[in-house]
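All letters in the sequence shown, in the order written, are residues -22 to -1, 1 to 246 by mature numbering (1 follows the signal peptide of the UniProt record, and there is no 0).
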Amino acid sequence: MKKSYWKSILFGGLLLVATACGSSEDTSGEAEGEATTDEGERESYVVATDNAYVPFEFLDEETGELVGFDIDLMTAIADEAGFDIEFEAMEFDGIVAGIGSGRFDIGIAGMTITEERKENIDFSQPYYEAGLIVAVQADNDEINSVDDLDGKTVATRTGSTSETYIRENTGGTPEAFPQITEAYQNVIQGRADAVIYDIPNVQYYASTEGGGQLKTIGEPLTGEEYGIAFPKGSELRDIADEALTTLMEDGTYADLYEKWFGERPEGM
């Protein structure tokens, strides 16, 4: 009887300890929607980006640091979602391949969402509306629209949607460069007749580094949307998407947009 009694006491004590341990909560960084490890620590991801696509991502000449709309936006997304990021800059055409192979966790570089790219990578919801435009030397009066590009050399950036557009929709010959600034300089120096590239970048370059030596002509050629890239099937896409939606709703996105483009986006 005594032996059975002490067994009951011992079993009850062990059960109480096990219950107390099982009910303890670890609240360090495990809010809903956050990316954390099993130990509750913040996950860290590598973000592939460009370093010469103003004003989206480029090197600050004074600090040598990456700055731009995409850099600020991705940083805000990571903060909202509860994970850490490390940027790795490279040439644009290496970003798509790196995301498709799973070498990088995230890619943000003013990347247009296309059906072809979606075969190998997943995209977030669109975060920027863009399009392509033609630019020529400021004193060029011969080329006034995309229809005047027949037989002309048209500069652009390697691996971009504008390279495909030139090949498929104009009578011009594409000449692609790793950096879009090289394409602009070839037009300014007369080695290429025109350039086709994304509207915000063309306009920004023409008014800053271009020193008024370039001008845009005609109407926008396409309507395009930028998205953040992820490896196929990445669960991180939904986490980042949720954070991006929050930033668009709470005004953070509009604040960053105004910082880099001088005006708030329509409807925000």
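Note that CB positions come from ideal geometry on N, CA and C, so glycine has one too.
Whole-angstrom C-beta distance between residue j and residue i, which should lie under 8 Å
| i | j | result |
| --- | --- | --- |
| Tyr23 | Ile63 | 5 Å |
| Ala221 | Glu58 | 4 Å |
| Ala54 | Leu225 | 6 Å |
| Glu141 | Pro152 | 5 Å |
| Asp50 | Leu234 | 5 Å |
| Asp48 | Ile91 | 14 Å between Cβ atoms; not a contact. |
Of the listed residues the options, nearest to residue i (C-alpha basis)
| i | options | result |
| --- | --- | --- |
| Lys237 | Asn179, Phe101, Ala154 and Phe34 | Phe34 |
| Gly189 | Gln163, Glu202, Ile177 and Glu203 | Gln163 |
| Thr134 | Val112, Asn118 and Ala116 | Val112 |
| Thr194 | Ser138, Ile158, Tyr204 and Ile174 | Ile174 |
| Tyr143 | Met226, Gly211 and Leu199 | Leu199 |
| Ser212 | Glu66, Asp83 and Leu51 | Asp83 |
| residue 248 | Leu37, Val114 and Ser138 | There is simply no residue 248 to check, as the chain begins at -22 and stops at 246 in what is shown. |
| Val25 | Gly42, Glu153 and Gly72 | Gly72 |
| Asp117 | Ala232, Ala54, Gln191 and Asn98 | Gln191 |
| Ile177 | Glu187, Met226, Glu197 and Arg169 | Glu197 |
Spatial neighbours of residue i in its chain, beta-carbon cut-off 7 Å, leaving aside the 5 residues before and after
| i | result |
| --- | --- |
| residue 320 | Since the first residue of the chain shown is -22 and the last is 246, residue 320 is not available in this structure. |
| residue 247 | The question about residue 247 has no answer here: the residues shown for the chain are numbered -22 through 246. |
| Gly80 | Pro209 |
Any non-hydrogen atom of the ligand HEM closer than 7 Å to residue i Cβ
| i | result |
| --- | --- |
| Glu241 | Here there are no bound small molecules, and the ligand HEM is not part of this structure. |
6 Å Cβ shell around residue i - same chain, five flanking residues per side excluded
| i | result |
| --- | --- |
| Thr41 | none |
| Asp219 | Ser102 and Gln103 |
| Arg145 | Pro152 |
Cβ neighbours of residue i in the same chain (closer than 8 Å, five flanking residues each side left out)
| i | result |
| --- | --- |
| Thr136 | Glu69, Phe70, Asp71, Ala154, Phe155 and Pro156 |
Can you check the region 163 to 241 for any alpha helix (DSSP H) of at least 4 residues that lies completely inside it and give the ranges in chain order? 177 to 185, 214 to 228 and 230 to 239
- Item | alpha helix (DSSP H) segments (min. 4 residues) lying fully within the region 101 to 166 | 139 to 147 and 158 to 166
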